[in-house]
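The numbers in numbering that gives the first Met the number 0 rise by one with no breaks, and the one at position 241 of the sequence shown is 240. Using N, Cα and C, we set each Cβ at its ideal position, and we do this for glycine too. Below is one structure, written out as structure tokens; the observations come after it.
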Amino acid sequence: MNKPSFSARRPGLARQRGFTLIELGVALLVIGLLLGAVAVGRDLQRTASYQRLSTDFVQGWQLAYEAYVTGVGYPPGDNPTDPTGRVNGNVAPAGTALCGNDLINAFLAAGVRLPEGRTEGQQDRYAYLDSNGNPQEVRVCFQNVEWAEPGATVGTYVTRRRNVMTMQNVTFSLVSLLDQQVDGKGDARFGKLRDISLANATGEANGRVWPLDDRMAFGSTTPTTLDESQVAVTTAYFQMLR
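See below:
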């Protein structure tokens, strides 16, 4: 009688097999599509939140400022008996920013409705997430600053005092969206929305990009690969009409 060979399988023993290359490829493709959908959804959600910040908060404060000047007759913080036309014109030194409780109380005393902001008593602040998903907080003040405007000849610029809304702690993604809405293009040197370092740049005639991007970590000017870091922020000036 012949003995069974070693290649014979035991009765009832299931055959084991691994994934084929095609199956692995399909699985990786599905995972890639899911990750891409998550990233796109996150970007859309962040853009929508920035749009709400622009509409409800920044434009809300712009309208509140115009309502204040229209109702009172002079900018907030100015001298009521001898107006200078400048924000905080009643405070020395010139150019002192009107912020925090002083800002809120000035508008409330004039009967001006304020944007909702972060919470009651902090209507000058608005929390948002940066491109890394970390919390940031933009803060609004009003100030009279030196502002570069065209001079007597083409390509020359002079300094004039202008009232602005100061927006502290804005990221590149946020300020780029705001700049597109305010001026129709991203330029930190010209237009009504400017970077704090370029608002009075009288020595150059060329536009400038915003001096930061979302690759930079908070408090740094060099690129970083750490996704968990807060991204770099700057201060922007938004010129008021009056």
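Would you please state the rounded distance, in angstroms, between the beta carbons of residue i and residue j? I believe it to be under 8 Å.
i           : j           : result
residue 192 : residue 177 : 6 Å
residue 97  : residue 63  : 13 Å between Cβ atoms; not a contact.
residue 50  : residue 135 : Wrong, their Cβ atoms sit about 16 Å apart, outside the cutoff.
residue 104 : residue 158 : Wrong, their Cβ atoms sit about 31 Å apart, outside the cutoff.
residue 187 : residue 210 : 7 Å
residue 233 : residue 194 : 6 Å
residue 143 : residue 87  : 7 Å
residue 207 : residue 130 : Not confirmed; about 21 Å, so no contact.
residue 118 : residue 156 : 41 Å between Cβ atoms; not a contact.
residue 212 : residue 237 : So it is not a contact: roughly 20 Å between Cβ atoms.
What residues are listed by DSSP as bridge partners for residue i?
i           : result
residue 194 : 235
residue 220 : Answer is none; residue 220 lacks a bridge partner.
residue 204 : The partner list for residue 204 (beta bridge, DSSP) is empty, contrary to what the question assumes.
residue 243 : Absent from the model: residue 243. The displayed extent of the chain is 0 to 241, so no value can be given.
Using a Cβ-Cβ cutoff of less than 8 Å, which residues in the same chain neighbour residue i once the five nearest sequence positions on both sides are dropped?
i           : result
residue 102 : 75, 123, 139, 140 and 141
residue 182 : 189, 190, 191 and 192
residue 127 : 48, 49, 52, 134, 135, 136, 137 and 173
residue 85  : 74, 77, 93, 143, 160 and 162
residue 227 : 131 and 133
residue 179 : 185
Given residue i, which residues of its chain have a CB within under 6 Å of its CB, disregarding the five upstream and five downstream residues?
i           : result
residue 137 : 125, 166, 168 and 169
residue 82  : 73
residue 242 : As displayed, the chain neither begins before 0 nor continues past 241, which places residue 242 out of reach and without an answer.
residue 95  : 87
Under 7 Å Cβ to Cβ from residue i, same chain only, skipping five residues before and after it: list those, please.
i           : result
residue 67  : 75, 106, 109 and 111
residue 223 : 214, 215 and 216
residue 56  : 114, 116 and 125
residue 60  : 114, 139 and 164
residue 197 : 187, 188 and 207
Could you check if residue i belongs to the surroundings of the ligand HEM, using beta carbon to heavy atom distance under 8 Å?
i          : result
residue 76 : Absence of the ligand HEM from the depicted structure is noted, as is the absence of any ligand whatsoever, leaving it without description.
Does the pairing of the region 234–241 with the region 161–168 give three or more beta-carbon distances under 8 Å?
yes
Sufficient close CB pairs (3 or more, under 8 Å) joining the region 147–161 to the region 71–79
Too few Cβ pairs lie closer than 8 Å, so no.
May I have a chain-ordered list of the alpha helix (DSSP H) segments no shorter than 4 residues that lie completely inside the region 49–118?
If one requires a minimum length of 4 residues, the alpha helix (DSSP H) runs lying completely within the region 49–118 are 58–71 and 99–108, in chain order.
Which whole runs of the alpha helix (DSSP H) in the region 113–191 are 4 residues long or more, in chain order?
As far as the region 113–191 is concerned, its whole alpha helix (DSSP H) runs of at least 4 residues are 171–182.
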